[in-house]
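Colleague: Line by line, the protein sequences give chains A and B. Just so you know, we're using UniProt numbering here: the first sequence kicks off at 1 and counts up by one. Just so you know, we're using UniProt numbering here: the second sequence kicks off at 1 and counts up by one. For every residue, glycine included, the Cβ atom is placed at its ideal position computed from N, Cα and C. Predicted, not measured: the structure shown is a model, and the values here were computed from it. Have a look at this one.
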Amino acid sequence: MNKIRVLIVDDSPFSQRLIKDALKESKYEVCGCAGTGNDGIRQYRELQPDLVTMDLTLPDMDGLECCRELLTIDPAGKIVVVSAMKDEAIINRGTAIGVKAFFQKPVKSEELLLGIEQIIVQQGNEAGPQHFLEYFIAAFTKNIIDMTGMDVISIDHSTIQPVVSHGLGVIIGITGSQQGRIMLDVSVDVAQEFTKKLLRTDEVADEDVFNSISEFTNIIAGHSISDINNVLKTKEFEIRLTPPSIIIGESIAIINPKMTSNTVTAKTAIGSLHMNVGFVGGK
Amino acid sequence: MDVKLINPFIDAIMNIMPQLGFQNVVKGKLSVGDQFVESKGITVLVGLTDQLRGNIAYNFTEATAMSIASKMMMGMPVATLDDLAQSAISELTNMVTGNAATRFEKDGLRVDISPPSLVVGEKFKLKVSSAKFLVVEMIADSLVIELNIGIE
Chain A
1 MNKIRVLIVD DSPFSQRLIK DALKESKYEV CGCAGTGNDG IRQYRELQPD
51 LVTMDLTLPD MDGLECCREL LTIDPAGKIV VVSAMKDEAI INRGTAIGVK
101 AFFQKPVKSE ELLLGIEQII VQQGNEAGPQ HFLEYFIAAF TKNIIDMTGM
151 DVISIDHSTI QPVVSHGLGV IIGITGSQQG RIMLDVSVDV AQEFTKKLLR
201 TDEVADEDVF NSISEFTNII AGHSISDINN VLKTKEFEIR LTPPSIIIGE
251 SIAIINPKMT SNTVTAKTAI GSLHMNVGFV GGK
Chain B
1 MDVKLINPFI DAIMNIMPQL GFQNVVKGKL SVGDQFVESK GITVLVGLTD
51 QLRGNIAYNF TEATAMSIAS KMMMGMPVAT LDDLAQSAIS ELTNMVTGNA
101 ATRFEKDGLR VDISPPSLVV GEKFKLKVSS AKFLVVEMIA DSLVIELNIG
151 IE
């Protein structure tokens, strides 16, 4: 996935540095820094960033004035204000112009990341909730590593439909503001070996395998959805999960009409685990 | 689980099937399932969450699924379970579960349903979320739809 490109407009090199640090090691990339309003406008035209952070006190113009200029160039532009000042008047004026969010300096990196994330997700909904896939991939890899101590050797993507099970699949429905489902799928051998790792034992019964793989899927789904709900924030947009079902058998196709799904395959020392996530349009 | 919880599903089938052109819809056998649902060939899973949590597995033979799909499409011949037929069957289970959810809500139980997942294959079995589940057969013009209802 392409990184989300950010332009920083701020006359303080110190503040530029703080924002850059907040965005590093994430899916954001700072594509430019401008110290004046006019330089910001010039770079905006040239770089066409996905998002702008704007200081309010610029040497050559008022920051909100600069926001208005940028939004004249690109009415769909996403601008957030990062400034020492944050009062009701600024928020009202800024919101009227089209500023998406306001942060007060010194801004905490988590606060900035979460705020920006919320804007990107809201806008991202137009392009479908595929954006959410990242949360599932993060929870998938993290929990393989945390719960088994194994490394994830590689992660691959595929959008091949229909999805054909490798032997054991756990399906959890997704409902609420977004509808879809997550499925974890493994071969019976991998399910057994993976369960041994999860339970740290050499001997596992079928029942252990079903329970462990099912709970593992539940944890991945739960983590992903909690993170997404945190970003979506309002109760109205909340996403919920249904309990897991397990399917067992060879060459079974899992078909969800009206749904596009992505399969993410994680290769580990004991074999591959496949996670398939699909969404239909929102409510 | 409480046997009464299956009534909204039975009512939903009784209500919806005639709208799709079926003349005679009756309730068949009722039993308790343990651990696994053996698929008849096509099983559609729909999840429930909120004040009731669980899964419904709608179980059909391929021939039944095709006959139902054909009826739903105003008698259009269905020779294979193609995209259109899959979509019809999926829509049927969505309508039935949605209708049952509305009935639960009238009784003061909020229920949210997931989109259906169609599972198709030669031989497979499923585990719904609860070890014990209720199995009810519904017969519409001699076509058997088996509902496996597991609600926590």
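Which residues in the same chain as Glu152(B) place their Cβ atom closer than 7 angstroms to its Cβ, once the five residues preceding and following it in sequence are excluded?
Modeller: Arg53, Gly54, Ser129 and Ser130
Colleague: For a contact defined as C-beta to C-beta under 9 angstroms, what are the partners of Thr102(B) on chain A?
Modeller: In chain order: nothing, as chain A lies at least about 15 angstroms away.
Colleague: Could you say if the region 94-111 of chain B and the region 2-18 of chain B meet the contact criterion of at least three C-beta pairs nearer than 8 angstroms?
Modeller: yes
Colleague: Under 7 angstroms, Cβ to Cβ, is there at least one residue of chain B near Gln179(A)?
Modeller: yes
Colleague: Counting only the same chain and skipping the five closest in sequence on each side, list residues whose C-beta sits under 6 angstroms from that of Ala191(A).
Modeller: Its chain contains Leu168, Val209 and Ile213 as the residues whose beta carbon lies nearer than 6 angstroms to that of Ala191(A), once the 5 sequence neighbours on both sides are disregarded; these appear in chain order.
Colleague: Can you tell me which residues form a DSSP beta bridge with Met138(B)?
Modeller: According to DSSP, Met138(B) bridges with Lys27(B) and Ile145(B).
Colleague: Anything in chain B within Cβ reach of Phe237(A), meaning under 9 angstroms, just list it in chain order.
Modeller: In chain order: nothing, as chain B lies at least about 14 angstroms away.
Colleague: Among Ile73(A), Met54(A) and Glu117(A), which has the Cα closest to the Cα of Ser26(A)?
Modeller: Glu117(A)
Colleague: Answer yes if the region 250-268 of chain A comes into contact with the region 112-132 of chain B, meaning at least three C-beta pairs across the two stretches below 8 angstroms, and no otherwise.
Modeller: yes
Colleague: Considering only residues of the UniProt domain "Chemotaxis phosphatase CheX-like" (42-136) of chain B, which uninterrupted alpha helix (DSSP H) runs meet the minimum length of 4 residues and lie entirely inside it, listed in chain order?
Modeller: 62-72 and 83-106, all fully within the UniProt domain "Chemotaxis phosphatase CheX-like" (42-136) of chain B.
Colleague: So what does DSSP say about Lys105(A), is it helix, strand or coil?
Modeller: coil
Colleague: By the 10 Å Cβ neighbour count, where 16 or more other Cβ atoms means buried, how is Phe124(B) classified, buried or exposed?
Modeller: Buried.
Colleague: Where does Arg181(A) land, buried or exposed, given buried means 16+ other C-beta within 10 angstroms?
Modeller: Here Arg181(A) is buried. Its C-beta has 16 or more other C-beta atoms within 10 Å.
Colleague: If we call anything under 7 angstroms between Cβ atoms a contact, is Leu184(A) one with Val204(A)?
Modeller: no
Colleague: How about Ile149(B) and Ile89(B): do their beta carbons lie closer than 7 angstroms?
Modeller: no
Colleague: Thr265(A) to Val164(A), Cα distance in whole Å?
Modeller: 13 angstroms
Colleague: Can you name, in chain order, every residue of its own chain whose Cβ lies under 6 angstroms from the Cβ of Ala22(A), other than the five neighbours on each side?
Modeller: Ser109 and Leu112
Colleague: Under the rule that 16 or more other beta-carbon atoms within 10 Å means buried, what is Thr102(B), buried or exposed?
Modeller: exposed
Colleague: Using 7 angstroms as the threshold, is the C-beta distance between Leu7(A) and Pro49(A) below it?
Modeller: yes
Colleague: I'd like the list of long-range same chain contacts for Val32(B), defined as Cβ closer than 8 angstroms, with 5 residues on each side in sequence excluded.
Modeller: Within the same chain, Lys132, Phe133, Leu134 and Val135 come within 8 angstroms of Val32(B) by CB-CB distance, once the 5 residues on both sides are set aside.
Colleague: If you pair each beta-carbon of the region 53-70 of chain A with each one of the region 79-94 of chain A, do three or more pairs fall below 8 angstroms?
Modeller: Yes, the region 53-70 of chain A touches the region 79-94 of chain A.
Colleague: Which residue or residues does DSSP assign as beta-bridge partners of Ile171(A)?
Modeller: Met183(A) and Ser245(A)
Colleague: Using a Cβ-Cβ cut-off of 7 angstroms, state whether Gly128(A) counts as contacting chain B.
Modeller: Reliability fails at Gly128(A), whose pLDDT of 47 lies under 50, so the model's placement of it is uncertain and no value is given.
Colleague: Quick one: which chain B residues come within Cβ less than 7 angstroms of Phe210(A)?
Modeller: Lys127
Colleague: Within the same chain, show all residues whose beta-carbon is closer than 6 angstroms to that of Ile139(B), passing over the 5 residues directly before and after it, in chain order.
Modeller: Val26 and Gly28
Colleague: Going along the chain, which residues of the region 91-118 of chain B sit with their C-beta nearer than 9 angstroms to a C-beta in chain A?
Modeller: Listed by position, the residues of the region 91-118 of chain B near chain A (Cβ gap below 9 angstroms) are Glu91, Asp112, Ile113, Ser114, Pro115, Pro116, Ser117 and Leu118.
Colleague: Rounded to whole angstroms, what is the Cα-Cα separation between Ser177(A) and Ile119(A)?
Modeller: Separation of Ser177(A) and Ile119(A) (C-alpha to C-alpha, rounded to the nearest whole angstrom) is 17 angstroms.
Colleague: Taking the Cβ atom as the reference point for each residue, do Thr43(B) and Arg240(A) lie within a distance shorter than 7 angstroms?
Modeller: The Cβ atoms of Thr43(B) and Arg240(A) do not sit closer than 7 angstroms to each other.
Colleague: What does the Cβ neighbour count give for Asn230(A), buried or exposed, with the cut at 16 atoms within 10 Å?
Modeller: exposed
Colleague: Do Lys4(B) and Ile246(A) have their CB atoms nearer than 7 angstroms?
Modeller: no
Colleague: Would you list, in sequence order, the uninterrupted alpha helix (DSSP H) runs of no fewer than 4 residues that lie entirely inside the UniProt domain "Response regulatory" (5-120) of chain A?
Modeller: Qualifying alpha helix (DSSP H) stretches, in chain order: 13-23, 37-47, 63-73 and 88-97.
Colleague: Quick one: which chain A residues come within Cβ less than 7 angstroms of Val45(B)?
Modeller: Here residue 45(B) turns out to be Leu, not Val, going by the sequence shown. Result: Ile171 and Ser245.
Colleague: Within a Cβ cutoff of 8 angstroms, which residues of the same chain sit near Ser12(A), ignoring the five residues on either side of it in sequence?
Modeller: Closer than 8 angstroms at Cβ, skipping near neighbours: Asp55.
Colleague: Could you check what DSSP says for Asp156(A) in three-state terms: helix, strand or coil?
Modeller: DSSP, read as helix, strand or coil, puts Asp156(A) in strand.
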